[in-house]
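Before any comments, here is the structure.
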Amino acid sequence: MHEPFHNKTIALGVSGGIAAYKSVELLRLLTKAEARVRVIMTANAKWFVGPGTFQALSGLPVCTSVFEEGDASIRHIDWARETDLAVIAPATANIIGKLANGIADDALTTFMLAVTAPVMICPAMNTHMYEHPAVQHNLDILQGFGHRIVEPDAGSLACGTVGPGRLAAPADIFEQAAGVLTPQDLKARTVLVTAGPTRETIDPVRFVSNASSGKMGFALAQAAIRRGARVILVTGPVALPDPLQAEVHRVTSAAEMADCVLAQMPAADVIIKTAAVADYRPVQTAEQKIKKTADRLSVAFERTTDILKTIGEQKANRVLVGFAAETQHLQDNARQKLAAKNLDLIVANRIGESGSGFAADTNRVTLFFRDGREEGLPLMAKDALAHALLDRVVPLLPAA
Ligand code: CTP
């Protein structure tokens, strides 16, 4: 499930707008994700980007006309049958109008009438054109056909206008395409994920924290979005960009994380706490920088709120997943935390193993379930592990 493009055939339709150069980047993202991409261009698109570019990068012939000499096959029908997803990026006002009205006067429009796979339309045009009632009406018609419209971004356009009309970022289109090809087993569910470390301030220039990178939590957030969930991500300070389409709250201290998580909790069906929350914070925060006068310095610490335990006390029918980072007695410690925090599942990893833990891109974990089951997972990339965990969370959800 974490490789939605594996063995999939994507038809990438390119129509004639300046944003056609961005579909080259989209093609790269798709082929990197192991998709087989067939590009179909309109005559006007060739004016912006040559078919040779798409051919070289896809490794497949590019279709630019319905009939080609020496080709006996009915190509648009064959290609349509083999397509798992059709994406038109950029989609001009012209192609949107034709598709909404069933006009088939070139290779791309003819192909699109024959396609039965899901369709994504990514409009890109001048703001006034985009806002014209005719274009909006045609987009409504396409939406009525069940096509997914990828809203254009707002910004300054190549024509000098400022407003909506800029082709959505290729990474965003890619992510939405991944969602279309991924089973939506978290649709209509809200998943609250915490990630990263917290920082507990000692004085204006110093804090106590830990080495959590946030990677596991961000991977879980993105994976849950792909599977159709609304995702609320509460993260401590990390150097990672917001996952696309997540509602992100950036906090600093354990106390801020507690306030934010408890405020967001009522909406959540699933809560996954990957955050490495500080267990202790300085009793006092010095208002001024502490100067190096004494030979020794002691800082007194006090306990922070155990957020997960607090949530566990108000669990209701939510699915609660905790993480446990252990250096010893993994099984005993994990089972004890599972019970003490009223969890459904705890994900335990041994800190100090190579390829595992805080900053790594991979992780090896053992899962302990409330019903006593125990499952060791092999070393996996964190995004693959995110899907493996969600595979195990979905059956724990009460019926929607
Ligand atoms: N956690 C939390 N709030 C805290 C501390 C931890 O919500 N103040 C959550 C973490 O997000 C994680 C789980 O509790 O999901 C386990 O964290 P861990 O630090 O490994 O365990 P602790 O319960 O803090 O126990 P110890 O530090 O003694 O190992």
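This note's numbering puts the first residue of the sequence shown at 6, with every later residue one more than the last. Glycine included, C-beta positions come from ideal geometry on N, C-alpha and C.
**Message:** Between the alpha carbons of residue 301 and residue 217, how many angstroms are there, rounded?
**Reply:** Rounded to the nearest angstrom, the gap between the Cα atoms of residue 301 and residue 217 is 28 Å.
**Message:** Among the candidates 44, 369, 60 and 404, whose CA atom is the shortest distance from the CA of residue 388?
**Reply:** Nearest C-alpha to residue 388: 369.
**Item:** Run of the alpha helix (DSSP H) containing residue 70, from where it starts to where it stops
**Value:** Where residue 70 is concerned, there is no enclosing alpha helix (DSSP H), given that its DSSP letter is neither H nor E.
**Prompt:** Which of helix, strand or coil does DSSP assign to residue 11?
**Reply:** Coil.
**Item:** Residue range of the beta strand (DSSP E) that includes residue 363
**Value:** Here residue 363 belongs to no beta strand (DSSP E), and DSSP marks it neither H nor E.
**Request:** Would you mind sorting residue 118 into buried or exposed? The rule is 16 or more other CB atoms within 10 Å of its CB.
**Result:** Residue 118 counts as exposed, since fewer than 16 other C-beta atoms from the protein chains shown sit within 10 angstroms of its C-beta.
**Item:** residue 261, enclosing beta strand (DSSP E) - first and last residue
**Value:** That residue, residue 261, is in no beta strand (DSSP E); its alpha helix (DSSP H) goes 259 to 269.
**Message:** If I follow the unbroken beta strand (DSSP E) through residue 331, where does it start and stop?
**Reply:** Looking at the DSSP string, the run of the beta strand (DSSP E) that includes residue 331 is 324 to 331.
**Asked** Thinking C-beta only, is residue 330 closer than 7 Å to residue 356?
**Response** A contact, by the Cβ cut-off of 7 Å.
**Asked** Using 8 Å as the threshold, is the segment 289 to 299 in touch with the segment 345 to 355, meaning 3 or more CB pairs across them?
**Response** Taking a cut-off of 8 Å for Cβ pairs, the segment 289 to 299 and the segment 345 to 355 do not touch, as fewer than three such pairs fall below it.
**Request:** May I ask whether a heavy atom of the ligand CTP can be found less than 6 Å away from the beta carbon of residue 312?
**Result:** The answer is yes for residue 312.
**Item:** Helix, strand or coil at residue 354 according to DSSP, with G and I counted as helix
**Value:** Three-state DSSP puts residue 354 in a strand.
**Prompt:** Okay, do the segment 8 to 18 and the segment 180 to 191 touch, 3+ Cβ pairs below 8 Å being the bar?
**Reply:** Output reads yes: the segment 180 to 191 touches the segment 8 to 18.
**Prompt:** Does DSSP put residue 115 in a helix, a strand or coil?
**Reply:** Reduced to three states, the DSSP call for residue 115 is helix.
**Prompt:** Where does residue 93 fall in DSSP's three states?
**Reply:** Secondary structure of residue 93 (DSSP, three-state): strand.
**Request:** Could you check what DSSP says for residue 142 in three-state terms: helix, strand or coil?
**Result:** Judged by DSSP in its simplified three-state form, residue 142 adopts helix.
**Message:** Quick check: the segment 51 to 65 against the segment 186 to 204, are at least 3 beta-carbon pairs closer than 8 Å?
**Reply:** The segment 186 to 204 vs the segment 51 to 65: no contact.
**Message:** Quick check: is any heavy atom of the ligand CTP less than 6 Å from the C-beta of residue 309?
**Reply:** Checking every heavy atom of the ligand CTP against the Cβ of residue 309, one is found closer than 6 Å.
**Asked** What span of residues does the beta strand (DSSP E) with residue 254 cover, start to end?
**Response** Residues 252 to 255.
**Asked** How about residue 9 and residue 186: do their beta carbons lie closer than 7 Å?
**Response** In this structure, residue 9 sits near residue 186, with a CB-CB distance shorter than 7 Å.
**Request:** Throw me the rounded Cβ distance for the residue 129 and residue 175 pair, which I believe falls under 8 Å.
**Result:** So it is not a contact: roughly 12 Å between Cβ atoms.
**Request:** Please work out which residues of its chain come closer than 6 Å, Cβ to Cβ, to residue 103, disregarding the five sequence neighbours upstream and downstream, and give them in chain order.
**Result:** Cβ within range, chain order: 114.
**Asked** Roughly how many angstroms lie between the CA atoms of residue 259 and residue 162, to the nearest whole one?
**Response** So the two alpha carbons sit approximately 42 Å from each other.
**Message:** Using C-beta distances below 8 Å, list every residue in its chain close to residue 248, excluding the 5 sequence neighbours before and after it, in chain order.
**Reply:** Take residue 248, set aside five residues on each side of it, and the residues of its chain with a beta-carbon closer than 8 Å to its own are 223, 226, 227, 230, 236 and 238, in chain order.
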